[in-house]
Amino acid sequence: MLTQIYPQTSHPYAFELNKDMQVSAAHFIPREDAGACSRVHGHTYTINITIAGDHLNESGFLANFSTIKKLIHGEYDHTLLNDHKEFSGESREQIPSTEAVAKAIYDKVEAYLEGLENRPHCVQVFVRETPTSYVVYRPKQGDHHG
Ligand SMILES: [Zn+2]
Numbered sequence: 003m004l005t006q007i008y009p010q011t012s013h014p015y016a017f018e019l020n021k022d023m024q025v026s027a028a029h030f031i032p033r034e035d036a037g038a039c040s041r042v043h044g045h046t047y048t049i050n051i052t053i054a055g056d057h058l059n060e061s062g063f064l065a066n067f068s069t070i071k072k073l074i075h076g077e078y079d080h081t082l083l084n085d086h087k088e089f090s091g092e093s094r095e096q097i098p099s100t101e102a103v104a105k106a107i108y109d110k111v112e113a114y115l116e117g118l119e120n121r122p123h124c125v126q127v128f129v130r131e132t133p134t135s136y137v138v139y140r141p142k143q144g145d146h147h148g
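Structural data, given as structure tokens:
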């Protein structure tokens, strides 16, 4: 396995949790100028999700590692990303590029965290698509609600 060195993000929170996972999935880029990427092909995505917060829940966690994995791996692993509703529209945000995959993961994780009483935040999503390329998504200031 590739040794990962993740970029760090600064945030004001006391605790930070990182969850790694790998997701095998197929996709295609439905654009003529995407070349070979316009044909269906697969990747083993390496994903790192960073969650931060000041408060722990009753179990002493910021968030449950296995729930975070289930949320992302459980939904995307061994699927065609283009089949998911967030990647099946016509707009550029709905093309399953590495960038859009990172944003979609952020949206899912943050939506889940919004329901937790200790209210942690997702502060970074790292998605490596190939050994030589990766994307980092970080919410902009003010994207957090509450
Ligand atoms: Zn691809």
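Numbering (this note's numbering), first residue to last: 3 to 148. Just so it is clear, CB atoms sit at the ideal spot from N, CA and C, and this is done for glycine as well. For clarity, every value in this text was computed on a predicted model and none was experimentally measured.
In the DSSP assignment, find the beta strand (DSSP E) that holds residue i and state where it starts and stops.
i, result
"V103", "Run containing V103: none in the beta strand (DSSP E); it sits in the alpha helix (DSSP H), 100-115."
"Y8", "Segment: none, Y8 is in no beta strand (DSSP E) and carries neither H nor E."
Whose C-beta lies closer than 6 Å to the C-beta of residue i among residues of the same chain, with five residues either side of it excluded?
i, result
"V137", "T100, E101, A104, V129"
"E112", "C124"
"Y108", "C124, V127, Y139"
"T48", "Q24, R130"
Just the Cα atoms here: how many angstroms apart are residue i and residue j?
i, j, result
"V25", "Y78", "7 Å"
"S135", "H57", "34 Å"
"N20", "I51", "6 Å"
"N59", "H80", "32 Å"
"A38", "N120", "45 Å"
"G62", "A54", "14 Å"
Grab me the residues of residue i's own chain with a C-beta within less than 7 Å of its C-beta, minus the 5 sequence neighbours each way, in chain order.
i, result
"R41", "F30"
Using the DSSP secondary-structure output, state which residues sit across from residue i in a beta bridge.
i, result
"T22", "It is Asp, not Thr, that sits at residue 22 in the sequence shown. N50, per the DSSP bridge assignment."
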